[in-house]
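Participant:
Number of protein chains: 2
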Amino acid sequence: MSTPQEARFDVLGIGNAIVDVLANVTEEFLIKHDLVKGSMRLIDEVEAHELYEALGPSVEMSGGSAANTIAGLASFGRRAAFIGKVRNDQLGEVFAHDIRSLGVHFNTPPATEGPSTARCLVMITPDGERTMNTWLGAAQNLNPDDVDEALVADSAIIYLEGYLWDPPHAKDAFRKAARIAREAGRKVALTLSDSFCVDRHRESFLELIENQVDILFANEAEIKALYQVPTFDEAMHAIKAHCPLAVLTRSAAGSVVVEGDDVHVIEAYPVRKVVDATGAGDLFAAGFLAGYSEGRPVAECARLGALAAAEIIQQVGARSIRPFHEIARENGF
Amino acid sequence: MSTPQEARFDVLGIGNAIVDVLANVTEEFLIKHDLVKGSMRLIDEVEAHELYEALGPSVEMSGGSAANTIAGLASFGRRAAFIGKVRNDQLGEVFAHDIRSLGVHFNTPPATEGPSTARCLVMITPDGERTMNTWLGAAQNLNPDDVDEALVADSAIIYLEGYLWDPPHAKDAFRKAARIAREAGRKVALTLSDSFCVDRHRESFLELIENQVDILFANEAEIKALYQVPTFDEAMHAIKAHCPLAVLTRSAAGSVVVEGDDVHVIEAYPVRKVVDATGAGDLFAAGFLAGYSEGRPVAECARLGALAAAEIIQQVGARSIRPFHEIARENGF
Numbered sequence: 002m003s004t005p006q007e008a009r010f011d012v013l014g015i016g017n018a019i020v021d022v023l024a025n026v027t028e029e030f031l032i033k034h035d036l037v038k039g040s041m042r043l044i045d046e047v048e049a050h051e052l053y054e055a056l057g058p059s060v061e062m063s064g065g066s067a068a069n070t071i072a073g074l075a076s077f078g079r080r081a082a083f084i085g086k087v088r089n090d091q092l093g094e095v096f097a098h099d100i101r102s103l104g105v106h107f108n109t110p111p112a113t114e115g116p117s118t119a120r121c122l123v124m125i126t127p128d129g130e131r132t133m134n135t136w137l138g139a140a141q142n143l144n145p146d147d148v149d150e151a152l153v154a155d156s157a158i159i160y161l162e163g164y165l166w167d168p169p170h171a172k173d174a175f176r177k178a179a180r181i182a183r184e185a186g187r188k189v190a191l192t193l194s195d196s197f198c199v200d201r202h203r204e205s206f207l208e209l210i211e212n213q214v215d216i217l218f219a220n221e222a223e224i225k226a227l228y229q230v231p232t233f234d235e236a237m238h239a240i241k242a243h244c245p246l247a248v249l250t251r252s253a254a255g256s257v258v259v260e261g262d263d264v265h266v267i268e269a270y271p272v273r274k275v276v277d278a279t280g281a282g283d284l285f286a287a288g289f290l291a292g293y294s295e296g297r298p299v300a301e302c303a304r305l306g307a308l309a310a311a312e313i314i315q316q317v318g319a320r321s322i323r324p325f326h327e328i329a330r331e332n333g334f
Numbered sequence: 002m003s004t005p006q007e008a009r010f011d012v013l014g015i016g017n018a019i020v021d022v023l024a025n026v027t028e029e030f031l032i033k034h035d036l037v038k039g040s041m042r043l044i045d046e047v048e049a050h051e052l053y054e055a056l057g058p059s060v061e062m063s064g065g066s067a068a069n070t071i072a073g074l075a076s077f078g079r080r081a082a083f084i085g086k087v088r089n090d091q092l093g094e095v096f097a098h099d100i101r102s103l104g105v106h107f108n109t110p111p112a113t114e115g116p117s118t119a120r121c122l123v124m125i126t127p128d129g130e131r132t133m134n135t136w137l138g139a140a141q142n143l144n145p146d147d148v149d150e151a152l153v154a155d156s157a158i159i160y161l162e163g164y165l166w167d168p169p170h171a172k173d174a175f176r177k178a179a180r181i182a183r184e185a186g187r188k189v190a191l192t193l194s195d196s197f198c199v200d201r202h203r204e205s206f207l208e209l210i211e212n213q214v215d216i217l218f219a220n221e222a223e224i225k226a227l228y229q230v231p232t233f234d235e236a237m238h239a240i241k242a243h244c245p246l247a248v249l250t251r252s253a254a255g256s257v258v259v260e261g262d263d264v265h266v267i268e269a270y271p272v273r274k275v276v277d278a279t280g281a282g283d284l285f286a287a288g289f290l291a292g293y294s295e296g297r298p299v300a301e302c303a304r305l306g307a308l309a310a311a312e313i314i315q316q317v318g319a320r321s322i323r324p325f326h327e328i329a330r331e332n333g334f
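So the protein sequences, as listed, match chains U and R.
Going by this note's numbering, the first residue of the first sequence is number 2, and it counts up by one from there.
Going by this note's numbering, the first residue of the second sequence is number 2, and it counts up by one from there.
1. How about U:E331: is its C-beta nearer than 8 Å to some C-beta of chain R?
2. Does U:G261 pass the burial test, meaning 16 or more other C-beta atoms within 10 Å, or should it be called exposed?
3. Work out the CA separation of U:Q91 and U:V248 for me, nearest whole Å.
4. For U:S256 versus U:R79, is the C-beta spacing smaller than 8 Å?
5. Please name the residue or residues paired with R:I159 in a DSSP beta bridge.
6. If we ignore side chains and look at the alpha-carbon of each, how far apart do R:F10 and R:S76 end up?
7. Between the beta-carbon of U:F96 and the beta-carbon of U:V105, is there less than 8 Å?
8. Count the other CB atoms within 10 Å of the CB of U:D35; is the residue buried (16 or more) or exposed (fewer)?
9. Check the Cβ-Cβ distances between U:L92 and every residue of chain R, and say whether any is below 8 Å.
10. With a Cβ-Cβ cutoff of 8 Å, do U:G85 and U:A68 count as a contact?
11. Can you pull the DSSP bridge partners for U:T113?
12. For a test of the three-state rule: what should DSSP assign to U:F334, helix, strand or coil?
13. Would you tell me roughly how many angstroms separate the C-alpha atoms of U:E223 and U:W136, rounded to the nearest one?
14. Since U:C121 sits in a beta bridge, which residues does DSSP pair it with?
15. Would U:D146 pass as a contact of U:A8 if the rule is Cβ separation under 8 Å?
16. Please confirm whether R:S63 and R:R320 have their CB atoms less than 8 Å apart.
17. Just checking my contact of R:T70 with R:A236 at CB under 8 Å: how many whole Å lie between their CB atoms?
18. Contact criterion: CB-CB distance below 8 Å. Does R:I216 meet it with respect to chain U?
19. Applying the criterion that 16 or more other CB atoms from any shown protein chain within 10 Å of the CB defines a buried residue, is U:A151 buried or exposed?
20. Report the rounded CA-to-CA distance for R:A140 versus R:N134, giving the unit in angstroms.
21. Looking at the C-beta of R:D99, does it have a partner C-beta in chain U at a distance below 8 Å?
22. Since U:F218 is in the beta strand (DSSP E), which residue starts that stretch and which ends it?
23. May I have a chain-ordered list of the alpha helix (DSSP H) segments no shorter than 4 residues that lie completely inside the segment 65 to 100 of chain U?
24. Taking just the CA atoms, how far does U:A179 sit from U:M2?
25. Is there a Cβ from chain U that is less than 8 Å from the Cβ of R:Y53?
26. Going by CA-CA distance only, name the one from R:Y228, R:M124, R:L161 and R:H202 that's closest to R:D215.
27. Under a CB-based cut-off of 8 Å, is U:N17 close to chain R?
28. Out of R:K188, R:L103 and R:E61, state which residue places its alpha-carbon closest to the alpha-carbon of R:A119.
29. Am I right that U:N220 and U:R251 are in contact with their C-beta atoms under 8 Å? What's the rounded C-beta distance?
30. Closer than 8 Å, CB to CB, is U:G129 near chain R or not?
31. What does R:N25 touch in chain U if you count any residue whose Cβ is under 7 Å from its own?
32. For the segment 56 to 72 of chain R, which residues have a CB atom closer than 8 Å to at least one CB atom of chain U, in sequence order?
33. What are the residues that DSSP puts in a beta bridge with R:S40?
34. In chain R, which residues lie less than 8 Å from U:V47 when you measure between Cβ atoms?
35. Straight-line CA distance for U:Q229 to U:H243?
36. Is U:G282 buried or exposed, if buried means 16 or more other CB atoms sit within 10 Å of its CB?
Structure, rendered in C-alpha cells:
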C-alpha cells in the first residue's frame, strides 16, 4: 500500500438505486396493514403492487439511502460519484437524471432485462415519521462487475450502505469495493442503515467493521442492536475498541462522535416542524462527510451533519431543493 | 331528447392523462432555453428528453388539466369519472393509481404499443409561476373508441379540456362525447386551457361553444384570444351572446360569472405565498363544478372555485393532499 494520490472524487457511494413513492397515511392505515411505524421492510413485487393499490395519491422522487447521501454531498459542493443498479425503464431514467443533474458521476450500466427499477413506498404519518416498504427490483442485482475498479481507487472515501448486505451479489460487490479502496489507501465508510438490517447481518457487520471500516455511521437503535446491549453508553464503549471513527446519531438528542479516546457530543439543530423524517440519517452523513472531506475537525463535521438533517426533515422527501452549500454558508460554515 | 335520469356520476372529465415532472428553475434557465414564462408548449419526444436532461432534480406526480379538475371534484366528495389514454408502462400505472385512489372511476384501456405515457415538464420559477412543456405521448392517441357511450350518458356533466383539440383523433373523441351527452340531456362544459391553444383552434372552438357548450371556463387571456379583443369587458360582452354560462377567471383579480344577463363578480381568496401556480385554473373549475353539481347558486360555486385555487397555489403540484371537502367545510361552505 503506497501513499494515495489526490483522488478525483471526495466520496463514492455504493448503494441501492431506488425511486421513492411518497404518500400520506393515517396511523390506522399502518395498523390495518400490519406495518411497524418507523421501520424499513423488504417486500416482493406482488406485495409492492398490493400495498401501492391501497395507498392514496403519491409523489415520486429519487431516493435510496447512500444515493441520498451522495446527492447531499454534491449539493454541499463536494465531488461525488455513485454506483447502483437501475433497469433501462422510465423510473431508471428518472433516477439517473436526478442524480446526474446534481453533478454526481453515475455510470453504472442499467440492466436490460430482469426486474424493473427499485421503488420504496414511503408512508408518512401525520407526525412526520416514515414507514418504508422496499421492493428492491433491479437494485438487488448489483454485482461485482458493476464496481468500476478505477473509480473506487480514485475516490478518497467509499461509502457503503448496510441495506446492500441483503442481496448476495451486492455483498460481493461491496467486498470487492472495500478491498480495492483499502489497497489504494482510501477510506471505507459504512452506514448500518436500520436495526432490522443489523439483526439480519450482525456477524458479518462486526467482522467488516473490525477489519475494513474507517468511519461508521449508526443511529442509537442500530449501534445497540449491533452489540446487543441495552444502553447507548455500553454501545459507545464497545464501538470505541473496534472502529477508529464512529458517528452516532440520536435524533433530537443530537449526536456523538467517537474518535479513539475522544468523545464529542453535538447538539441537534432546532427544527420548527418535522414535515417528513425521510433522509435524516442520510443527510447527516452527507453533512459529516462534506466537512470531513474538506479537512474540518470531526465536531464541526457533526455540526454540518446536524444542519443538513434538520433542513431535510422540514421538507417532503430526502433530497433538498435548496443547495446545501448555500444553507451551510448562511449558518456560518 | 327526453328528461334525463339521475346520473351515476356528477362529472366525467375527458382529457390528457399526463404525469407531471416538477423542477425548480431560474429565470435565466427559461431565457437560455427560449421558453415563454407561464405558457404551455407541445414538444416531441426528442426535445422532451433534451429539456429533461437540462433540468435539475425533479419530482413526479400525476397531472393533466382535466384530470386535475376531476381529482379535485373527487376530493370535494363528488362522484367523478375520467377518460384519458396512458400506456401500459410505469408512469401509466402511477397515473391510474393516483386517480383511482381518490375514488375516481377510470377505466380507459391503456395502449399496449406506441408512445409511452405522456409527461409534462413543469418548470417552477422563484415567483411560483410555471412554464410547461408537454410531450403528449400515449395521451394524444385517445380515440373515439375510448369514449364509453354508457359512461358519457350516465354523467350529469362532461368536462372537456381544450388541449385535447390538438391531436386529430382526440378531437373526434371529444365530438362523439359531446354528441352523446347532448342526446342524453346532459351538460357539456369546456375549458379553453391556454391562449396559444385558442389561437390554434379559434374557429372550431367558436363553433363548438355556440352549438354545444353549456358551461365555458376561460381565463382572461384565453377569452380575449378567443374573440381577438383587447379588453376583458369586450370579451365578456361577446361571450354573453354565445354561451349560457361562462366562468371567467382573472388570477388575483378574482373571477366573473356571466349567466345570460346576470354578471357576478367574485373576489379571489387571500393567499399567503404563491408556491407553485400549477393547477390554479384546474382547481377553480373543480370547486365551481363541485358547487354546481350540488345545486348551489353560481356565485357560491365561483367562491368554492376561488377557495380551491387559492389552496392549490400554496402547494407544490396540482393535486391537493388535504381533502377539499374538509377545506370547504372549514371555510363555511
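For glycine and all other residues, C-beta sits at the position ideal for the given N, C-alpha and C.
Facilitator: Reading off the structure:
1. no
2. exposed
3. 36 Å
4. no
5. R:L13 and R:V189
6. 14 Å
7. no
8. exposed
9. yes
10. yes
11. None; U:T113 has no bridge partner.
12. coil
13. 22 Å
14. U:D21 and U:T135
15. no
16. yes
17. Contact doesn't hold; Cβ gap of about 22 Å is too wide.
18. no
19. exposed
20. 14 Å
21. yes
22. I216 to N220
23. 66 to 76
24. Low confidence applies to U:M2: its pLDDT is 45, below 50, so where it sits in the model is not reliable enough to give any reading.
25. yes
26. R:L161
27. no
28. R:E61
29. 7 Å
30. no
31. I322
32. L56, G57, P58, S59, V60, E61, M62, S63 and A72
33. None; R:S40 has no bridge partner.
34. Chain R residues near U:V47: none, gap ~14 Å exceeds 8 Å.
35. 15 Å
36. buried
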